[in-house]
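What the sequence shown shows, in the numbering used here, is residues 17 to 309, in sequence order.
First up is the structure itself, then whatever we jot down about it.
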Amino acid sequence: MRHPSPYRDRVLLHAELDGETVGVAELSWGTTEDLHLCDAEIHVRPDARRQGVGRALWEEVDRRRAALGREVVESELDVPATSGSDGGAAGPAFAQAMGFRTVHLEERMVLGLPVDPGHLAERATTAAAGYEVVSWVDRCPDDLVDAWCDLRTRMEHDVPTGDSAGTPITWDVARLRTSEERTARSYRALVFAARRTSDGQVAAYSLLFVPHEEQEPAVQDDTLVMPEHRGHRLGTLVKVANLEALEEVAPPRRAVHTWTAPDNGPMVAVNRAFGFVTVAQCHQVQWRAPAAG
Numbered sequence: 017m018r019h020p021s022p023y024r025d026r027v028l029l030h031a032e033l034d035g036e037t038v039g040v041a042e043l044s045w046g047t048t049e050d051l052h053l054c055d056a057e058i059h060v061r062p063d064a065r066r067q068g069v070g071r072a073l074w075e076e077v078d079r080r081r082a083a084l085g086r087e088v089v090e091s092e093l094d095v096p097a098t099s100g101s102d103g104g105a106a107g108p109a110f111a112q113a114m115g116f117r118t119v120h121l122e123e124r125m126v127l128g129l130p131v132d133p134g135h136l137a138e139r140a141t142t143a144a145a146g147y148e149v150v151s152w153v154d155r156c157p158d159d160l161v162d163a164w165c166d167l168r169t170r171m172e173h174d175v176p177t178g179d180s181a182g183t184p185i186t187w188d189v190a191r192l193r194t195s196e197e198r199t200a201r202s203y204r205a206l207v208f209a210a211r212r213t214s215d216g217q218v219a220a221y222s223l224l225f226v227p228h229e230e231q232e233p234a235v236q237d238d239t240l241v242m243p244e245h246r247g248h249r250l251g252t253l254v255k256v257a258n259l260e261a262l263e264e265v266a267p268p269r270r271a272v273h274t275w276t277a278p279d280n281g282p283m284v285a286v287n288r289a290f291g292f293v294t295v296a297q298c299h300q301v302q303w304r305a306p307a308a309g
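Here it is in structure tokens:
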């Protein structure tokens, strides 16, 4: 909020009851693409639920959405894999009551740390003969920035998104540098990429975010292997490199979180080989304004 993005605007809301903040909401929207869409998050304190707080926040979000001329609102909610969590039941029930429907589903997976990926590293290194691993922290080297933008753009097109109303982002150098500067305020970004030695072409990458706060888990973000380079265990190779470097650049973490669509079979298999286990389902939910008339 203190360092706004030129590509996205947002507004924060809070709800008070008897002088206490009992709920908050965030509404954000793209300024250069997806001009029909905005994203919302609504959170209500558990002891203040079922008193109309969430509905009041949603009505204000909807009012602002209409003023922006956006027709679609999307959000995310976690449903824990284990039963008995009130938070897990409250989110879907509220979203359904407000008229949202699930348009995409991912599994939130967690890997406990420390972990020794040596058994995977040896197999991946053998299969990936002819490739070298290059890496950077926070800022992509100038000589790789064009390839990095191409990879990020390809990831936008390849990652499963179900029936989401969002459109893939096209990454250019200006957008990338802006993202790097803003991200660095909250995270160390570790990037490991596999480059073919014969022609220097960057064939795969994996991106890991490490929050500055020591108690926060690391976040495994994108992993992509370009189609023409698949079958060489490059996805495993770059993920191994990230995990091996994690202890060197940040205080020890207790876990790594990641999100993977259940129908993304190859990536689910890679994650399970590392020891990731599913702890929740992440629903991307969508609301559409009623058609005129």
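For glycine and all other residues, C-beta sits at the position ideal for the given N, C-alpha and C.
None of the values given here were measured: they were computed from a predicted structure.
Between residue i and the rest of its own chain, which residues show a CB-CB distance below 6 Å, the 5 nearest in sequence each way excluded?
i	result
Ala209	Val150, Val218, Tyr221
Ser101	The predicted position of Ser101 is uncertain, since its pLDDT is 49 and thus under 50; a value taken from the coordinates is nonetheless stated next. There are no such residues.
Ala41	Leu29, Ile58, Leu73, Val77
Thr118	His299, Val301
What number of angstroms, rounded off, separates the C-alpha of residue i from the C-alpha of residue j?
i	j	result
Ala248	Ala64	Reading off the sequence shown, one finds His at residue 248, where the question assumed Ala. For His248 and Ala64, the distance between alpha carbons rounds to 52 Å.
Gly35	Arg211	57 Å
Leu93	Asp132	32 Å
Phe225	Gln112	32 Å
Asp55	Glu138	42 Å
Phe116	Ala72	16 Å
Leu53	Gln302	10 Å
Val254	Val284	15 Å
Leu206	Val60	34 Å
Val189	Asp162	7 Å
Arg26	Gly85	15 Å
Thr98	His173	32 Å
Pro62	Gly68	12 Å
Gly216	Asp159	11 Å
Glu244	Val153	26 Å
Tell me which residues share the same chain as residue i and place their Cβ nearer than 7 Å to its Cβ, disregarding the 5 neighbours each side in the sequence.
i	result
Trp74	Ile58, Met114
Trp187	Cys165, Arg168, Thr169
Ala106	Arg65
Leu259	Val131, Pro133
Gly70	Gly39, Ile58, Val60, Phe110
Ala257	Val149, Ser151, Phe208
When you compare the CB positions of residue i and residue j, do they come within less than 8 Å of one another, or not?
i	j	result
Gln236	Val272	yes
Ala234	Glu87	no
His120	Gly178	yes
Gly146	Thr213	yes
Leu29	Glu76	yes
Glu49	Thr199	no
Ala266	Arg204	yes
Thr276	Ser21	no
Glu123	Pro282	no
Arg80	Leu43	yes
Ala140	Thr274	no
Arg155	Tyr23	no
Glu90	Ala31	no
Gln297	Val95	yes
Arg269	Leu262	yes
Pro157	Asn280	no
Leu223	Ala144	no
Excluding the 5 residues preceding and the 5 following residue i in the sequence, name in chain order all residues of the same chain whose CB lies nearer than 8 Å to its CB.
i	result
Met171	Asp238, Leu240
Thr47	Pro22, Tyr23, Arg24, Asp25
Glu315	Within the shown structure, residues of the chain are numbered from 17 to 309, placing residue 315 beyond reach of any answer.
| query | Enumerated in chain order, which unbroken segments of the alpha helix (DSSP H) with a length of 4 residues or greater are wholly contained in the region 96 to 184? | reply | 102 to 114, 134 to 143, 161 to 174
| message | Within 8 Å, do at least three Cβ pairs link the region 116 to 129 to the region 292 to 307? | response | yes
| field | Complete beta strand (DSSP E) runs within the region 214 to 245 (minimum length 3 residues, chain order) | value | 218 to 227, 234 to 241
| message | My parser needs the alpha helix (DSSP H) runs of 4 or more residues fully inside the region 40 to 107; what are they? | response | 69 to 84
| said: So within the region 263 to 298, which uninterrupted beta strand (DSSP E) runs reach at least 3 residues, ignoring any that extend past its ends? | reply: 271 to 276
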